[in-house]
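Visitor: Note that this note's numbering gives residue 32 to position 32 of the sequence shown, counting from 1, and the numbers run on in steps of one.
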Amino acid sequence: MFTKDERRALLYLAVVAAAGGVLRVVRSPADAPGASMVAPDLPGDDLARQAELVREATILARPLRPGERIDMDRASAREIERLPRVGPSLARRIVEDRDSLGPFGSLEVLGRVLGVGPGLLRAVERSVTFSGTPRPGPAAPAAGTTVARPLGAKARGSGCTTSGPVPINRATAAELECLPGIGPSLAARIVEDRTRRGPFREVKELERVAGIGPALTRRLAARLSAP
Numbered sequence: 001m002f003t004k005d006e007r008r009a010l011l012y013l014a015v016v017a018a019a020g021g022v023l024r025v026v027r028s029p030a031d032a033p034g035a036s037m038v039a040p041d042l043p044g045d046d047l048a049r050q051a052e053l054v055r056e057a058t059i060l061a062r063p064l065r066p067g068e069r070i071d072m073d074r075a076s077a078r079e080i081e082r083l084p085r086v087g088p089s090l091a092r093r094i095v096e097d098r099d100s101l102g103p104f105g106s107l108e109v110l111g112r113v114l115g116v117g118p119g120l121l122r123a124v125e126r127s128v129t130f131s132g133t134p135r136p137g138p139a140a141p142a143a144g145t146t147v148a149r150p151l152g153a154k155a156r157g158s159g160c161t162t163s164g165p166v167p168i169n170r171a172t173a174a175e176l177e178c179l180p181g182i183g184p185s186l187a188a189r190i191v192e193d194r195t196r197r198g199p200f201r202e203v204k205e206l207e208r209v210a211g212i213g214p215a216l217t218r219r220l221a222a223r224l225s226a227p
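This is the structure in structure tokens:
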């Protein structure tokens, strides 16, 4: 089995070969011999798209240089994926969280993202930087504090009227958004699943909804009531 860095090194070599193929196409009408390694379904004369895919793949494949840091308040998901222990799904969640709640501003606040725990924060600590200023309010706690969105505060800043556990089988999508780790899309999926398949008999049954796993149901257990 190859390590993540070894896979990236192999991908980097493939990308370099593909890039050379794309450049040869610019000089010649012949198909790019390396282009199919990056985008096999693209026609050989789609030079602009081939070049863009090569650029994106190069970003993803390039290992971090000694001392290089990723700006978590500005980087794309592709760039964030270069960090140790960060895969495509987590990189997308980080960007979605940043777009929804604003810049992180610190390593501690990065921990608000579902799937980012103490171990991962330690792993990326020397490879990240933060250029943004967190928004004031619950979405941007002071450095060093435990990051957890209160039940009475929505991700997008609108107030929640719920003061106790949320009834999972009666709550609206807006009420579900008040819960930590639940955004608009996931709240809508919960309501849609409940309507289509019937009530949840227990909180753990939320795992039948795409995007919800054991870690999130454990996190929500004390904040939901069922049936």
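Here a beta-carbon is modelled for each residue, glycine too, at the ideal position from N, C-alpha and C.
Model, not experiment: these values are computed from the prediction.
#1: State the beta-bridge partners of D71 as determined by DSSP.
#2: I need the DSSP call for L64, collapsed to helix, strand or coil.
#3: Helix, strand or coil for V203 per DSSP?
#4: Buried or exposed: E125, going by 16 or more other Cβ atoms within 10 Å of its Cβ?
#5: Between which two residues does the alpha helix (DSSP H) containing E175 stretch?
#6: Using the Cα positions of R223 and I182, report the straight-line distance between them to the nearest angstrom.
#7: Ends of the alpha helix (DSSP H) at G119?
#8: Could you check what DSSP says for S106 in three-state terms: helix, strand or coil?
#9: Check each candidate in A215, G115, I190 and I70 and name the one with the smallest Cα separation from S106.
#10: Name the residue from S225, R218 and P227 whose alpha carbon lies nearest to the alpha carbon of L114.
#11: My assumption, with CB atoms under 8 Å, is that P134 sits in contact with G164. Please give the rounded CB distance.
#12: Going by DSSP, which residues form a beta bridge with V166?
#13: Quick one: is A210 buried, meaning 16 or more other Cβ sit within 10 Å of its Cβ, or exposed?
#14: When we look at the beta-carbon of R201 and count the other beta-carbons within 10 Å, is it buried (16 or more) or exposed?
#15: Please report the distance separating the alpha-carbon of T145 from that of G111.
#16: Within the same chain, show all residues whose beta-carbon is closer than 8 Å to that of P118, passing over the 5 residues directly before and after it, in chain order.
#17: Between which residues of its own chain and D97 is the CB-CB distance below 6 Å, once the five residues before and five after are set aside?
#18: Look at the Cβ atom of R92, then the Cβ atom of L64, and state whether they are nearer than 9 Å.
#19: Can you tell me the Cα-Cα spacing of S76 and T195, whole angstroms?
#20: Given this structure, state the Cα-to-Cα distance separating S89 from P180, to the nearest angstrom.
#21: What residues in its chain sit with their C-beta under 8 Å from that of V166, if we drop five residues either side in the sequence?
Guide: Let me spell this out:
#1: T129
#2: coil
#3: In this structure, V203 counts as helix in the three-state DSSP scheme.
#4: exposed
#5: A173 to L176
#6: In a straight line, the C-alpha of R223 is about 12 Å away from that of I182.
#7: Taken as a continuous stretch (DSSP letters only), the alpha helix (DSSP H) holding G119 covers P118 to V124.
#8: coil
#9: I70
#10: R218
#11: Actually they are not in contact, since the Cβ atoms of P134 and G164 sit about 28 Å apart, beyond 8 Å.
#12: L224
#13: exposed
#14: exposed
#15: Here T145 scores only 40 on pLDDT, less than 50, and its place in the model should not be relied on; the value that follows carries that caveat. So the alpha carbons of these two residues sit roughly 10 Å apart.
#16: Take P118, set aside five residues on each side of it, and the residues of its chain with a beta-carbon closer than 8 Å to its own are G111, in chain order.
#17: V113
#18: Using a Cβ distance threshold of 9 Å, R92 and L64 do not count as a contacting pair.
#19: 36 Å
#20: 18 Å
#21: L151, E175, L176, C178, L179, R223, L224 and S225
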